[in-house]
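Enquirer: Questions regarding the structure given below will be posed in turn.
Numbering (the working numbering), first residue to last: 313 to 346.
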């Protein structure tokens, strides 16, 4: 997951989308679910 050109979250897709650790990535994946 990139934010302003920097890696914010890295890992396998299941981890990044299923259990993100950064607040920005959690916000993004939460918006996808809606």
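We put the CB at the ideal spot given by N, CA and C, even for glycine.
Quick one: give me the first and last residue of the alpha helix (DSSP H) that residue 341 is part of.
Expert: It spans 335-345 - the alpha helix (DSSP H) in which residue 341 sits, taken as one unbroken run.
Enquirer: What span of residues does the alpha helix (DSSP H) with residue 326 cover, start to end?
Expert: Segment 325-330, the alpha helix (DSSP H) holding residue 326.
Enquirer: To which residues of the same chain is residue 330 closer than 6 Å at the C-beta, ignoring the five residues directly before and after it?
Expert: Closer than 6 Å at Cβ, skipping near neighbours: no residue.
Enquirer: Suppose you measure from the CA of residue 328 to the CA of residue 318; what does that come to, to the nearest Å?
Expert: Each residue's alpha carbon lies about 15 Å from the other.
Enquirer: Using only the alpha-carbon positions, how far apart do residue 340 and residue 332 sit?
Expert: Taking the straight line joining both Cα atoms gives about 10 Å.
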